[in-house]
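Enquirer: Anchor point for the sequence shown: position 185 equals 332 in the working numbering, and the numbering is continuous, going up by one each time.
Each residue gets a CB set at the ideal place from its N, CA and C atoms; glycine is no exception.
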Amino acid sequence: MIKHSRAYLLSQEILCRLGTDAFPLNVFLAAKQACPLPVVFMTLSEYRGRIQIQDDLLVKDALCVCRPGRGYLILYNEKQSKKRIRFSIAHELGHIMLGHLEDGRTEISGGGLDDYTYFTMEGEANTFAGNFLAPPILIDAVVRATGRMDPALLANIFYLSQQAIKEYRLEDYRNWKQQSPHALEQTLLARCRQSLYLYRTTAARRRRTNTRSAPSAGRAPCKQKSGGNELPCNILESISTPTDAPRSARYAEATNCSPGNTATSAGRWSSTRVPATVSVPAKRRCPATP
């Protein structure tokens, strides 16, 4: 059983509600579509350039500011790696969707939290983010297709760091294997089969091309049936950038974490005005998992 099951199920419900059919997920777009109120993303340097803020404002990964009834401002540290930024945005989205910012005791509201509640909320947000970016049922589909657990391949498909895959996603996956898939997950898998199949066909084309150009002196590669076609074993290995043009463009868009990716949402906040100050409590936020 996955820890923080409420956060885990909510992440799968939102993916289904958004009609997600491909990964890696464009987390900026998904956050704007999922949130009930407008969301603005802003880099920390951009915020510093616009607002006179205190020098003690420390944002290692990301921070969400709530304007009740108006919307949310998510500040993120653009100096972090793109993969860590994606996780941090999903982490803050988890806080929003789980209702953490509606609690009068939360740090962002200035009330403060006891340690137990604080770390529970952080754990829920991490669980939400991890399963939002890499659903266990899709990890299972990749493992079944390859016949092995390949952290490097999974990191490429879902655009996460190998450390995050090894230390966090695989733990959730092992716990998930002890339960039956939820109906929401079955729906998600059905929608994403085609995008996962593109990985298989791309890898197969590369494998066949490499085999023709540089025949091995050893035995012939193992073959297996897949949808009526013969494909080499380990059909998902050694993928860098998909050769399918539409998917390659979508992959680039989903993994883009530059400030330009936030331009569309910036105008939506203009009518509510960016808050002039952000209060940071004495107890720092727990850093998001990469």
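What did DSSP end up calling residue 148 once you bin it into helix, strand or coil?
Expert: Residue 148 falls in the coil class under three-state DSSP.
Enquirer: Should residue 283 be labelled buried (16 or more other beta-carbon atoms within 10 Å of its own) or exposed?
Expert: Buried.
Enquirer: Taking its Cβ as the centre, do 16 or more other Cβ atoms sit within 10 Å of residue 332, making it buried, or is it exposed?
Expert: With 16 or more Cβ atoms within 10 Å of its Cβ, residue 332 is classed as buried.
Enquirer: Who are the near neighbours of residue 181 in its chain, counting only those whose CB is closer than 8 Å to its CB and skipping five residues on each side?
Expert: Same-chain partners within the cutoff: 161, 164, 165, 240, 244.
Enquirer: Output needed for residue 308: all residues of its chain with C-beta closer than 8 Å, excluding positions within five of it in sequence on either side, in chain order.
Expert: Hits under 8 Å: 228, 230, 231, 302, 437.
Enquirer: Using only alpha-carbon positions, find the residue among 168, 194, 338, 178 that is nearest to residue 276.
Expert: Looking at the Cα atoms, 178 is the closest of the given residues.
Enquirer: Within the same chain, show all residues whose beta-carbon is closer than 6 Å to that of residue 149, passing over the 5 residues directly before and after it, in chain order.
Expert: Cβ neighbours of residue 149 beyond the five flanking positions: 155, 319, 322, 323.
Enquirer: To which residues of the same chain is residue 189 closer than 6 Å at the C-beta, ignoring the five residues directly before and after it?
Expert: Within the same chain, residue 189 has close Cβ partners 222.
Enquirer: Let me confirm a value: residue 151 is counted as buried when at least 16 other C-beta atoms fall within 10 Å, else exposed. Which label applies?
Expert: With 16 or more other Cβ atoms within 10 Å, it is buried.
Enquirer: Could you check what DSSP says for residue 216 in three-state terms: helix, strand or coil?
Expert: Here residue 216 sits in coil by DSSP.
Enquirer: According to DSSP, is residue 306 helix, strand or coil?
Expert: It is coil, neither helix nor strand.
Enquirer: What residue range is occupied by the uninterrupted beta strand (DSSP E) comprising residue 188?
Expert: Per DSSP, residue 188 belongs to the beta strand (DSSP E) from 186–190.
Enquirer: Rounded to a whole number of angstroms, what is the C-alpha to C-alpha distance between residue 422 and residue 187?
Expert: Because residue 422 carries a pLDDT of 45, less than 50, the predicted location of this residue cannot be relied on, and the following value inherits that uncertainty. Between residue 422 and residue 187, the C-alpha separation is close to 12 Å.
Enquirer: State yes or no: is the C-beta of residue 279 within less than 9 Å of the C-beta of residue 192?
Expert: It is not a contact, given that the beta carbons lie outside the stated cut-off.
Enquirer: Would you kindly check if the distance between the Cβ of residue 328 and the Cβ of residue 233 is under 9 Å?
Expert: For residue 233 and residue 328, no; Cβs fall outside 9 Å.
Enquirer: Between residue 185 and residue 217, what straight-line distance do the alpha-carbon atoms span, to the nearest angstrom?
Expert: If you take the alpha carbons of residue 185 and residue 217, they lie about 7 Å apart.
Enquirer: Taking all protein chains shown into account, do 16 or more other C-beta atoms lie within 10 angstroms of the C-beta of residue 209, making it buried, or fewer, making it exposed?
Expert: Per the 10 Å Cβ criterion, buried.
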